[in-house]
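Residue numbers (the working numbering): 9 to 173.
Structure follows, in structure tokens:
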């Protein structure tokens with residue numbers, strides 16, 4: 009396969025120049041090949057990777073957050089990531105989020121600020137702690153086991169008494 013190093017378009021091996029930008033094609037790209045990384049409003053700007061997230065849901069949430077702050081962002085998938093997402097509903101490679109280079113630091117501040125704002129609530133004094141809950145569960149299981157053993161012993165005794173009568 010031949011690749012355009014400028015617009016990252018893929019061509020048949022016999023093609024020598026890119027049809028879109030007239031750049032000479034190369035055999036391989038230096039960095040990771042991404043699919044669907046171009047979007048109409050970002051093609052004039054140079055974009056860079058902001059972050060990789062585990063799911064498309066997370067990517068959509070972060071992109072929405074950035075767009076509220078007037079930062080254009082879009083998602084891309086590594087190699088067969090989009091196919092995996094469609095075929096299996098899960099993409100083990102994650103989803104990459106891209107932003108314009110000049111807005112990278114602003115986008116990082118926004119995302120980190122939003123992620124840091126979700127602190128875990130402190131435990132209330134009225135809440136049962138995990139150790140106490142574990143003890144209660146252990147005692148309950150032990151009582152159930154005792155009852156089952158008692159029943160298993162009594163059933164043969166009652167059967168023996170009833171058959172001798």
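Glycine included, every Cβ here is placed at the ideal spot set by N, Cα and C.
Below 8 Å between beta carbons: does that hold for residue 119 and residue 56? With contacts defined by Cβ atoms closer than 8 Å, residue 119 and residue 56 do not form a contacting pair.
Per-residue burial, residue 116 [other beta carbons within 10 Å of its own, 16 or more giving buried]: Exposed, since its Cβ has fewer than 16 Cβ neighbours within 10 Å.
Just curious, the beta strand (DSSP E) that residue 84 is in, first and last residue? Start and end: 82-86.
Quick check: the Cα distance between residue 143 and residue 156, rounded to an integer number of angstroms? 20 Å
Going by DSSP in three states, residue 221 sits in which element: helix, strand or coil? Within the shown structure, residues of the chain are numbered from 9 to 173, placing residue 221 beyond reach of any answer.
Spatial neighbours of residue 122 in its chain, beta-carbon cut-off 7 Å, leaving aside the 5 residues before and after: 73
Cβ shell of residue 109 (< 8 Å), same chain only, five flanking positions each side left out: 53, 54, 55 and 56
Of the residues 162, 102 and 149, the one placed nearest residue 65, counting alpha carbons only: Cα-wise, what sits closest to residue 65 is 102.
Give the straight-line distance between the Cα atoms of residue 104 and residue 67, rounded to the nearest whole angstrom. 8 Å
Considering only the alpha carbon of each residue, which of 86, 158, 59 and 139 lies closest to residue 112? Considering only alpha carbons, the answer is 59.
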